[in-house]
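Colleague: Pasting in a structure now, in structure tokens, and then I'll have a few things to ask.
Chains as they are written, first to last, in the numbering used here: chain A, 19 to 329; chain B, 19 to 329; chain C, 19 to 329.
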């Protein structure tokens with residue numbers, strides 16, 4: 019694995035391999051790169067979970083982390099993402115973890131820079147390590163994906179994981195259904211699963227995967243919090259209708275009382291904090307795969323680049 | 019010691035133990051935790067001294083520090099302090115050093131999260147590591163607290179250390195007097211010591227503990243700098259009236275020419291920079307005590323939390 | 019070497035020594051300080067290249083880096099640079115790398131604090147590690163400076179390196195010429211080299227050293243991008259007129275299409291990214307020299323400072 023950009027890029031074997039490696043890390047397995055590896059975390063959008071989770075994962079693997087804050091970088095002098103990544107690469111950074119508000123920002127980097135890129139979220143596009151930690155959480159619970167019914171509920175349009183989770187879950191043998199405001203359900207979603215009422219989703223699903231209402235990506239607040247909660251949220255009443263053994267997931271940050279009733283965030287069915295915990299181990303597994311590729315000599319990020327005289 | 023929240027929580031034995039450990043660190047003693055310890059410094063208010071001091075102390079003990087900047091975290095998406103701490107905990111952070119503008123912010127965390135909390139300043143409330151470094155500085159100078167006269171002078175109302183320093187100094191056998199704008203002296207202070215004129219305070223005290231005028235906490239600038247300095251500041255004239263062997267302290271940042279004449283900040287009596295130096299060793303001592311409690315197995319912050327299936 | 023403030027302070031022997039050390043680091047030489055060294059990077063102006071380059075260099079040498087962000091420090095409560103550096107020093111920071119918008123900011127620190135200072139850019143003044151990495155890049159290319167013709171082209175007035183590069187290149191035996199808007203060429207420059215047309219500069223130089231148009235330092239946008247490019251930029255046509263074997267340099271960030279045509283930034287003659295790469299090794303060499311001076315006992319930054327009782 020050279021980069022980690024989208025879940026769709028990953029084969030079923032790669033997904034299963036990453037989940038297995040993450041489980042090994044959970045069970046105490048250690049792994050360190052053979053040589054010093056320099057990495058930078060470039061977060062052009064705010065984050066607690068994803069950024070800190072990568073920071074912990076990188077430290078557990080003994081990587082050298084170069085701090086980078088967008089607000090105090092030359093980005094504020096107009097430097098482009100491409101020039102920023104090229105600069106870090108010249109300085110010796112081999113791996114860049116990037117979150118950016120532009121969809122597929124990585125298209126301007128891949129093949130043009132030598133850095134390995136891990137996508138930590140692009141616009142409304144992808145967020146592969148989030149998808150992978152979601153899959154791990156489901157696998158830990160049910161052992162397999164075959165025949166599971168997974169309901170993805172909420173802000174389908176602005177979510178980075180709805181589409182890619184649906185697609186991977188289908189490939190892994192699960193059955194996906196969607197719910198939430200129907201106006202956010204489109205034809206692209208329809209190829210991955212059916213739209214159902216919130217009532218049906220709650221009653222039938224083994225996994226209720228709630229999506230965050232991304233207030234910051236909406237123009238004009240279409241839904242007020244209370245109205246959304248009543249219409250599409252996981253209320254106390256709806257939780258009582260859930261199947262025996264079914265679980266609740268949410269990528270967080272949670273809008274408490276909107277997508278889910280406040281007191282359900284830490285209820286027995288909730289795996290919300292377990293998802294965060296799994297995130298560290300998934301990121302370790304992804305980092306390990308990419309660094310192993312360096313070490314096989316297929317990339318030479320760490321070497322002093324040679325320039326030749328120009329004629 | 020599970021947390022470090024207020025000086026009042028600490029017994030005399032605990033205080034003396036921390037001071038002794040800090041002295042050992044000053045004299046070159048080393049100590050490292052047995053296992054990797056992840057820590058985060060959450061500063062919701064600006065700081066140079068306290069934050070950098072913790073950063074140095076943590077590195078001297080070999081802890082793994084997860085960078086956290088409020089401005090680029092999900093706090094800006096409305097995430098609460100509770101959810102932020104729970105998130106960091108899920109990710110593997112065992113210890114959180116927190117400065118927050120809300121009095122007793124820690125009440126919403128203790129008993130509800132598993133993280134150990136070190137209070138690095140809450141609103142106008144407490145700042146226990148500052149109190150402890152003040153005590154260490156006095157002890158180094160005079161050997162004991164018994165019978166010492168300590169004058170606490172200045173912005174008594176908005177200070178995080180006036181009350182708790184007075185209370186601990188009383189318990190340790192010192193005599194506390196207060197001075198500064200009398201409007202900032204209240205009944206709560208009165209139980210710890212008498213209000214006296216600045217003239218009397220300066221003449222009688224073994225220790226003059228100046229407090230910073232917290233411009234940023236006042237509504238409507240009651241005092242202009244020059245007027246304050248003349249009325250309550252440590253002027254060049256007042257310093258000449260100080261007792262032989264008496265010392266000057268200030269938690270800094272100093273408003274030069276307000277609480278104290280510019281040229282006195284680094285005069286022979288001043289222990290202002292020594293206080294900062296002591297701060298690192300006090301923080302090492304506090305961190306050590308809390309981590310030792312992890313290691314005795316009384317807390318298990320570092321282990322993978324188990325979730326059970328919900329029925 | 020106690021500090022690194024300006025290139026002019028450095029003797030020819032010191033410059034050659036630093037360039038040689040940097041080459042050794044490029045060729046894989048390792049060096050670590052004998053004791054823990056604490057360092058802080060204080061960037062009062064935005065930076066990607068210089069800050070990250072120091073961060074990599076410091077990690078390669080195994081230094082302990084105390085994070086410092088101006089925006090969340092007590093600088094925002096009005097603390098001065100002097101008090102900030104004194105504070106960090108009290109806390110145990112021995113070395114401060116500083117970028118500040120005030121010319122010769124270091125005059126208020128040298129001789130008054132014990133910290134070693136590395137100037138990472140002062141106002142429109144100096145930027146010695148940038149000058150040194152420029153010199154290294156030229157030396158790698160041509161082996162020697164003797165008789166080389168170096169054209170410094172562009173925003174001569176606001177550049178931190180134009181003057182000091184010209185001065186050092188003269189001392190090293192090179193021949194300097196200047197070009198760009200003539201209004202930015204002054205008598206001070208004239209002692210280091212002649213002003214020539216861009217046409218002549220491009221045709222005669224072995225090295226074209228472009229300077230960034232510092233939009234952020236200009237009052238009133240004198241030049242628009244296109245006009246500047248046509249008049250003084252390295253256009254595609256001008257590049258074709260360059261001598262065989264001559265090279266292009268730029269301190270970056272590049273305004274693509276202004277100082278240089280977009281497609282020339284990574285052309286065969288360009289050493290722009292090589293300059294960045296060299297920067298890490300130059301900074302390692304400078305840090306090593308300063309730390310070696312600590313270790314010879316000529317400075318005692320790391321020891322617990324003694325305060326005596328005041329009478």
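All C-beta atoms in this analysis are idealised placements derived from N, C-alpha and C, irrespective of residue type, glycine included.
With a floor of 4 residues, list each alpha helix (DSSP H) that falls wholly inside the segment 28 to 102 of chain A, ordered by position along the chain.
Modeller: The qualifying runs are 30 to 44, 67 to 78.
Colleague: At a Cβ threshold of 8 Å, is residue 298 of chain C touching chain A?
Modeller: Interface residue, yes.
Colleague: Can you find the residues in the same chain that come closer than 7 Å, C-beta to C-beta, to residue 141 of chain C, ignoring five residues on each side of it along the sequence?
Modeller: Cβ neighbours of residue 141 of chain C beyond the five flanking positions: 119, 120, 121.
Colleague: Within this structure, are the beta carbons of residue 299 of chain A and residue 138 of chain A separated by less than 8 Å?
Modeller: No; because the gap between Cβ atoms is not below 8 Å, this pair is not in contact.
Colleague: Assuming the contact rule is C-beta atoms closer than 8 Å, residue 197 of chain B and residue 219 of chain B should be a hit. Round their C-beta distance to whole Å, please.
Modeller: Residue 197 of chain B to residue 219 of chain B, Cβ: 4 Å. Contact.
Colleague: Got a sec, what are the start and stop residues for the beta strand (DSSP E) residue 117 of chain A sits in?
Modeller: Segment 113 to 118, the beta strand (DSSP E) holding residue 117 of chain A.
Colleague: Is the segment 73 to 83 of chain C touching the segment 55 to 63 of chain C, taking contact as three or more C-beta pairs under 8 Å?
Modeller: Cβ pair count under 8 Å is three or more, so yes.
Colleague: Taking Cβ-Cβ distances shorter than 7 Å, what residues in chain B pair up with residue 102 of chain C?
Modeller: 66, listed in chain order.
Colleague: Closer than 8 Å, CB to CB, is residue 110 of chain B near chain A or not?
Modeller: Yes - at least one Cβ of chain A is within 8 Å of the one on residue 110 of chain B.
Colleague: Give the residues of chain C in contact with residue 97 of chain A, contact being defined as C-beta atoms less than 7 Å apart.
Modeller: Those within 7 Å of residue 97 of chain A in chain C are 66, 271.
Colleague: Ordered along the chain, which non-local residues of its own chain (more than five positions away) have a Cβ less than 8 Å from that of residue 188 of chain C?
Modeller: So the qualifying residues of the chain are 194, 210, 211.
Colleague: Which residues, in order along the segment 170 to 187 of chain B, keep a beta-carbon less than 8 Å from a beta-carbon of chain C?
Modeller: Cβ contacts with chain C: none found.
Colleague: Here's a check: name, in chain order, each residue in its chain whose Cβ is nearer than 7 Å to the Cβ of residue 276 of chain C, leaving out the five neighbours to either side.
Modeller: Excluding residues within five positions, the ones whose Cβ falls inside 7 Å are 231, 243, 246, 247, 251.
Colleague: Could you give the uninterrupted runs of the alpha helix (DSSP H) lying entirely in the segment 271 to 317 of chain C, keeping only those of 4 residues or more?
Modeller: Within the segment 271 to 317 of chain C, the complete alpha helix (DSSP H) runs of at least 4 residues are 290 to 311.
Colleague: With residue 227 of chain C as the anchor, note down where its alpha helix (DSSP H) starts and where it stops.
Modeller: From DSSP, residue 227 of chain C is part of no alpha helix (DSSP H) but of the beta strand (DSSP E) over 225 to 228.
Colleague: Give a yes or no on whether the minimum CB-CB distance between residue 84 of chain A and chain C is below 8 Å.
Modeller: Answer yes: the Cβ-Cβ gap between residue 84 of chain A and chain C drops below 8 Å somewhere.
Colleague: Note down, in chain order, every chain A residue with its Cβ under 7 Å from the Cβ of residue 74 of chain C.
Modeller: Within chain A, the residues near residue 74 of chain C are 56, 84, 109, 110.
Colleague: Check this for me: beta carbons of residue 127 of chain C and residue 111 of chain C, under 8 Å apart or not?
Modeller: Not closer than 8 Å, so no.
Colleague: Identify every run of the beta strand (DSSP E) within the segment 162 to 208 of chain C, keeping only runs that are complete inside it and at least 3 residues long; order them along the chain.
Modeller: Counting whole runs of 3 or more residues, the segment 162 to 208 of chain C contains the beta strand (DSSP E) stretches 167 to 171, 193 to 197.
Colleague: Comparing the C-beta of residue 70 of chain C with each C-beta of chain A, is any distance below 8 Å?
Modeller: Taking Cβ atoms only, chain A reaches closer than 8 Å to residue 70 of chain C, which makes this a yes.
Colleague: Using a Cβ-Cβ cut-off of 8 Å (strictly less than) and excluding sequence neighbours within five positions of residue 274 of chain C, which residues of its own chain qualify?
Modeller: 280, 283, listed in sequence order.
Colleague: Quick check: the Cα distance between residue 178 of chain A and residue 88 of chain A, rounded to an integer number of angstroms?
Modeller: So the alpha carbons of these two residues sit roughly 22 Å apart.
Colleague: Over what stretch of residues does the beta strand (DSSP E) that includes residue 140 of chain A continue unbroken?
Modeller: Counting along the chain, the beta strand (DSSP E) containing residue 140 of chain A begins and ends at 134 to 140.
Colleague: From residue 97 of chain C to residue 91 of chain C, what does the alpha carbon distance come to, in whole angstroms?
Modeller: Answer to the nearest angstrom: the Cα atoms are 9 Å apart.
Colleague: Hey, could you find the ends of the alpha helix (DSSP H) residue 156 of chain A is sitting in?
Modeller: Element bounds for residue 156 of chain A: 146 to 160.
Colleague: Based on the DSSP output, what are the partners of residue 267 of chain B in its beta bridges?
Modeller: Paired residue(s): B/227.
Colleague: How many angstroms separate the CA atom of residue 26 of chain B from the CA atom of residue 161 of chain B?
Modeller: Near 22 Å, if we compare the C-alpha coordinates of residue 161 of chain B and residue 26 of chain B.
Colleague: Should residue 158 of chain B and residue 109 of chain C be called a contact, given that it needs their Cβ atoms to be closer than 8 Å?
Modeller: No, the pair does not count as a contact, with Cβ atoms beyond the cut-off.
Colleague: If you count every other CB in all the chains shown that lies within 10 Å of the CB of residue 38 of chain B, and 16 or more means buried, which is it?
Modeller: Exposed: under 16 other Cβ atoms inside 10 Å.
Colleague: State the DSSP-derived secondary structure class of residue 25 of chain B, mapped to helix, strand or coil.
Modeller: Of the three classes helix, strand and coil, the one that applies to residue 25 of chain B here is coil, per DSSP.
Colleague: Does the distance between the C-beta of residue 301 of chain C and the nearest non-hydrogen atom of the ligand ADP fall short of 7 Å?
Modeller: Absent from the structure shown: the ligand ADP. Ligands present: none.
Colleague: Sort C/47, C/45, C/100, C/146 by Cα distance to residue 21 of chain C and report the nearest one.
Modeller: The shortest C-alpha separation from residue 21 of chain C is found at C/146.
Colleague: Give every residue of the same chain whose Cβ lies closer than 8 Å to the Cβ of residue 291 of chain C, excluding the five residues on either side of it in the sequence, and list them in chain order.
Modeller: Excluding positions up to five away in sequence, the list reads 284.
Colleague: Any C-beta of chain C sitting closer than 8 Å to the C-beta of residue 94 of chain A?
Modeller: So, interface residue.
Colleague: Could you tell me which chain A residues have their CB closer than 9 Å to the CB of residue 163 of chain C, listed as they occur along the chain?
Modeller: Per Cβ cutoff of 9 Å: no residues; residue 163 of chain C is ~17 Å from chain A at best.
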